[in-house]
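Heads up, the thing below is written out as structure tokens.
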Amino acid sequence: MSTEDKLAAPVQTKNTRFPGGRFGLSVFGFAAVNAAIVASVVASSGTMPGGSISEDVLSNNLKQSPSFGTWSWWAAHAYFGEKKAPDVVMMGSSLVNSACWSADATTTYKDIDCALHHRVHTLEKLLEKRLPGEEPTVLNVSVQGAGACDYYMMTRGLMEGARKPKVLVVGIAPRDFIDNKIHNLGDTEPFMFHQRYVEFDETVAKAYSDPFARAMGELEWKIGRLPLRRLHAGVASYFTDGTGAETTRRKESGDELRHALSASSQRIFPGDLVVPKVLQDAFFDNTAEYASRYKNPHPKQFTTQLFFFEEMLKRMKAQNIQVLVVDMPTLKRNRDMLPPAFWANYKLRINELCTRQNADYLYLSDSPDFVQRDFVDNVHVSYRGATKVLEKIADEIAGNPNLASAMEGKGQMISAKKSSPIE
8 MSTEDKLAAP VQTKNTRFPG GRFGLSVFGF AAVNAAIVAS VVASSGTMPG
58 GSISEDVLSN NLKQSPSFGT WSWWAAHAYF GEKKAPDVVM MGSSLVNSAC
108 WSADATTTYK DIDCALHHRV HTLEKLLEKR LPGEEPTVLN VSVQGAGACD
158 YYMMTRGLME GARKPKVLVV GIAPRDFIDN KIHNLGDTEP FMFHQRYVEF
208 DETVAKAYSD PFARAMGELE WKIGRLPLRR LHAGVASYFT DGTGAETTRR
258 KESGDELRHA LSASSQRIFP GDLVVPKVLQ DAFFDNTAEY ASRYKNPHPK
308 QFTTQLFFFE EMLKRMKAQN IQVLVVDMPT LKRNRDMLPP AFWANYKLRI
358 NELCTRQNAD YLYLSDSPDF VQRDFVDNVH VSYRGATKVL EKIADEIAGN
408 PNLASAMEGK GQMISAKKSS PIE
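The C-terminal residue of the sequence shown carries number 430 in the working numbering, and the numbering is unbroken.
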């Protein structure tokens with residue numbers, strides 16, 4: 008071919024294929040972008056999110072902490088932020104929060120910020136009167152909507168390190184075991200929050216209803232432990248305004264407590280939910296809500312939840328933490344939604360579990376000491392009922408030999424990493 012012909016011929020472009028094709032290029036691009044983000048965040052803050060639960064929730068870069076702002080995050084932040092291990096830990100669902108928040112609002116005569124307020128000053132004072140010479144600290148780590156499997160995960164995440172309470176008070180109700188609205192136990196906010204900090208063992212796997220759900224749960228656990236996934240919250244903060252989600256119920260004057268208890272927000276922040284120091288008398292019949300929760304009083308999950316509950320008691324026994332299980336008071340109209348056969352079986356099973364694991368059981372569900380004026384709805388106590396509940400818990404701790412003996416030990420001094428100011 009002549010020189011002229013070569014110049015006139017079209018240029019032949021050689022295509023170079025990226026290893027792995029488009030997929031490989033996508034993976035490379037994803038990694039490169041994430042690496043740049045990591046470098047940027049580390050350069051600006053000097054740190055990466057921690058690997059342990061205490062490091063994460065006490066990080067000086069709060070927005071980089073996984074699940075920052077969730078109910079479980081605030082509970083863990085309060086637990087590890089104390090200078091020493093609390094003497095008593097209160098754990099449960101909104102039923103326990105209702106008692107702790109409304110009692111403290113009344114007895115301290117201060118507004119209670121639900122994100123920040125975790126000390127239970129009312130119970131501390133009650134115990135001081137019943138245990139001369141003691142000045143116990145009480146911390147509430149209850150999470151809205153939590154159930155038995157969540158209590159198992161919460162105790163594993165919070166209490167199996169060096170920081171242990173002397174007494175754990177677990178407030179329960181039938182919903183914690185048979186809630187028909189929960190289809191996969193491993194999908195709850197507290198379960199998923201604490202799962203990243205514990206091993207995905209055979210016990211954890213029981214929270215997933217079928218092999219596919221289990222496989223997805225284990226995959227989520229593995230992904231959640233990757234450094235880039237742990238950085239996700241920090242990256243997300245650059246693209247969001249950081250405000251909490253809208254709640255499903257509109258707050259009305261005099262209804263602030265129920266508004267806080269029924270808040271559906273996945274994330275809350277200081278000032279979002281406040282229980283006022285002066286609480287109004289108000290009552291709401293929430294029978295319709297529990298009609299769906301209790302539609303089937305014998306769901307398959309009942310057995311699984313009982314399994315998790317006993318595993319929690321077993322592990323606390325091994326940690327030398329004395330447990331008081333309290334069946335929280337409810338109104339008769341709520342109890343009557345479940346058949347007598349359920350109640351007989353439920354009380355028998357809970358009592359058997361507690362006996363086997365050396366836990367104490369205080370049954371208040373049908374206590375005649377609680378009347379309608381002690382409630383804000385069929386299951387949550389008002390400020391009047393709250394004081395009664397905490398008085399009965401204080402009486403049980405002081406009067407029960409197992410619990411009183413556990414309270415005699417000295418609290419563990421733990422050096423807590425200084426948290427960045429959030430109040």
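We put the CB at the ideal spot given by N, CA and C, even for glycine.
Whole-angstrom C-beta distance between residue j and residue i, which should lie under 8 Å
i	j	result
His201	Arg170	Contact flag wrong, Cβ pair sits at about 15 Å.
Tyr158	Phe316	7 Å
Glu131	Val145	5 Å
Phe276	Val383	About 24 Å separates the two Cβ atoms, so there is no contact after all.
Ala122	Lys284	That pair is no contact at about 17 Å.
Ala401	Leu102	No, Ala401 and Leu102 are not in contact; Cβ-Cβ is about 18 Å, not under 8 Å.
Gly193	Ala214	4 Å
Cβ-based burial, residue i [other Cβ within 10 Å; buried from 16]
i	result
Asp334	buried
Gln287	exposed
Pro56	Residue confidence for Pro56 is low, a pLDDT of 44 falling below 50, so the modelled location carries little weight; the figure read from the coordinates is stated next. That one is buried.
Pro359	This sequence places Glu at residue 359; Pro is not what is there. Flag for Glu359 reads exposed.
Asn68	buried
Glu438	Outside the shown range of the chain, which is 8 to 430, sits residue 438, and nothing can be said about it.
Ser66	buried
Asn303	exposed
Glu206	exposed
Arg265	buried
Thr362	exposed
Pro73	buried
Gln273	exposed
Met269	A small correction: the amino acid at residue 269 is Ser; Met does not occupy that position in the sequence shown. By the neighbour-count rule (16 or more Cβ atoms within 10 Å), Ser269 is buried.
Ser412	exposed
Asp63	buried
Asn365	exposed
Thr310	exposed
Ala295	exposed
Ala325	exposed
Ser59	exposed
Asn327	exposed
Glu209	exposed
Ala92	buried
Ala351	exposed
Gly406	exposed
Gly7	Here the chain covers residues 8 to 430 and nothing more, so residue 7 does not appear.
heavy atom of the ligand COA below 6 Å from residue i C-beta
i	result
Val330	Annotation note on the ligand COA: not contained in the displayed structure, which lists no ligands.
Beta-carbon contacts of residue i that lie in its chain and below 8 Å, excluding the five residues immediately before and after
i	result
Leu410	Val174, Gln329, Leu331, Asp367, Glu403, Ile404
Tyr297	Arg182, Asn341, Met344, Asn385, Val386
Leu371	Val333, Asp334, Met335, Pro336, Phe377, Val396, Lys399
Met161	Ser79, Ala82, Met98, Val148, Val150, Ala153, Pro197, His201
Ile189	Gly154, Thr195, Gln308
Lys339	Asp373
Residues that DSSP places opposite residue i in a beta bridge
i	result
Tyr215	In the DSSP output, where bridge partners are listed per residue, Tyr215 has none listed.
Phe382	Val388
Met98	Val177
Thr77	Arg274
Lys307	Paired residues: none, contrary to the question.
Ile119	Val282
Endpoints, alpha helix (DSSP H) assigned at residue i
i	result
Val396	390-406
Val462	The structure shown has nothing for residue 462, since the chain only spans 8 to 430.
Leu369	Run containing Leu369: none in the alpha helix (DSSP H); it sits in the beta strand (DSSP E), 367-370.
Asn341	339-342
Leu280	Premise fails: Leu280 is in no alpha helix (DSSP H) and is neither H nor E.
Leu165	155-166
Phe264	Rather than Phe, the amino acid found at residue 264 in this sequence is Leu. Segment 263-268, the alpha helix (DSSP H) holding Leu264.
Arg126	Premise fails: Arg126 is in no alpha helix (DSSP H) and is neither H nor E.
Ala298	294-300
Ile7	No answer is possible for residue 7: the residues shown for the chain start at 8 and end at 430.
His201	196-202
7 Å CB neighbourhood of residue i in its chain, flanking five on each side removed
i	result
Arg356	Leu313
Lys395	Asp376, Phe377, Asp381
Met414	Asp94, Leu138, Glu141, Pro143, Lys173, Val174, Ile404
Arg300	Arg182, Asp186, Asn187, Lys188
Pro306	Ile185, Asn187
Ala348	none
Beta strand (DSSP E) segment containing residue i, residue limits
i	result
Gln329	329-334
Asn358	Asn358 -> not in any beta strand (DSSP E); alpha helix (DSSP H) instead, spanning 347-363.
Tyr64	According to the sequence provided, residue 64 is Val. The question's Tyr does not apply to it. Note, Val64: premise wrong, no beta strand (DSSP E); alpha helix (DSSP H) at 60-64.
Leu146	145-147
Own chain residues within Cβ distance below 6 Å of residue i, not counting five before or after
i	result
Ala393	Ala106, Ser109, Ala110
Thr114	Thr129
Lys117	Lys284
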